[in-house]
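Residue numbers (the numbering used here): 5 to 255.
Note that the Cβ used here is the ideal one computed from N, Cα and C, for glycine as well.
Taking it in order: structure first as structure tokens, then the write-up.
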Ligand code: PGA
């Protein structure tokens, strides 16, 4: 089963309008002629609209880094799915480990975000991943299972077509420590089997599972060569057009 690769750049809390537009334009240039894989950029909310103009004539997908479930209302500090669409975005990262760890987002809250975004037709990148402590205690698979089951609770077989999973071991994010290709493949294979149990084989075969955590030009090729790794969610190395370009153009 061949799945179309998705190479995603998560800019986190970086880039003002000028910097972000320049980076988006440079990334767009490195993607010219790239037709066999998808590319996605997730800038901060404040520059989504400007970046969407830069990406207007490209096939690059524009994403936010989080999303609320309601269309409007008393949700101070939140951004709704329709506001994202209004700003030109069609996707949202949900459940990033920084949201879980720094801002205390629970699986239940993340599930509410996932279902809300899907109900407005937003493509959801649901992040899951274990901490170092959980890995060392041998709890990796049980943590992943709980995050996936709770995160996707109530998501229908039709909706799951608009979900991408991102396996991001917390100990590998921003640390320079990448999971080995064997560790990553083992987790991805586990996640695909879990999706088969929760839905069906056809869906498990089609769902894209990205790896995230210190992906860089030097390790992207071996990660992408793994049978169950369908793309990358890239933080630090996505802030530079040359390094992200190299990642997009993995061999
Ligand atoms: P990193 O971040 O590539 O800087 O490790 C990945 C992520 O948090 O999505």
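Residue i to residue j span [Cα, whole Å]
i           : j           : result
residue 122 : residue 87  : 14 Å
residue 54  : residue 142 : 45 Å
residue 20  : residue 151 : 33 Å
residue 51  : residue 23  : 10 Å
residue 49  : residue 185 : 33 Å
residue 214 : residue 193 : 12 Å
residue 242 : residue 235 : 13 Å
residue 39  : residue 82  : 34 Å
residue 244 : residue 195 : 30 Å
residue 179 : residue 190 : 21 Å
residue 120 : residue 157 : 12 Å
residue 46  : residue 217 : 16 Å
residue 208 : residue 18  : 34 Å
residue 11  : residue 80  : 32 Å
residue 247 : residue 56  : 21 Å
residue 226 : residue 72  : 36 Å
residue 237 : residue 228 : 12 Å
residue 1   : residue 211 : One cannot answer for residue 1 here, as it falls past the ends of the chain, which runs 5 to 255.
residue 6   : residue 230 : 12 Å
residue 199 : residue 168 : 11 Å
residue 58  : residue 239 : 20 Å
residue 154 : residue 43  : 28 Å
residue 29  : residue 70  : 23 Å
residue 147 : residue 91  : 35 Å
residue 181 : residue 165 : 31 Å
residue 96  : residue 126 : 7 Å
residue 14  : residue 134 : 19 Å
residue 37  : residue 145 : 39 Å
residue 177 : residue 16  : 12 Å
Opposing strand residues paired with residue i [DSSP bridges]
i           : result
residue 10  : 42, 235
residue 213 : 169
residue 128 : 96, 167
Which full runs of the beta strand (DSSP E) of 3+ residues lie inside the segment 149-186, going along the chain? 167-171
Scan the segment 48-119 and note each continuous alpha helix (DSSP H) run of 4 residues or more that stays entirely inside, going in chain order. 52-58, 85-90, 101-106
Check whether the segment 196-206 touches the segment 152-165, counting contact only when three or more Cβ pairs, one atom from each stretch, lie closer than 8 Å. yes
Does the count of Cβ pairs from the segment 137-144 and the segment 65-83 closer than 8 Å reach three? no
Quick check: the segment 72-83 against the segment 103-112, are at least 3 beta-carbon pairs closer than 8 Å? no
Curious, which full-length beta strand (DSSP E) runs of at least 3 residues does the segment 15-54 contain? The qualifying runs are 41-46.
With three or more C-beta pairs closer than 8 Å as the rule, is the segment 26-37 touching the segment 87-101? The segment 87-101 is not in contact with the segment 26-37.
Three or more C-beta pairs under 8 Å: does that hold for the segment 238-252 against the segment 181-200? No contact exists between the segment 238-252 and the segment 181-200.
The segment 218-228 in contact with the segment 164-174 per 3-pair CB rule at 8 Å: no
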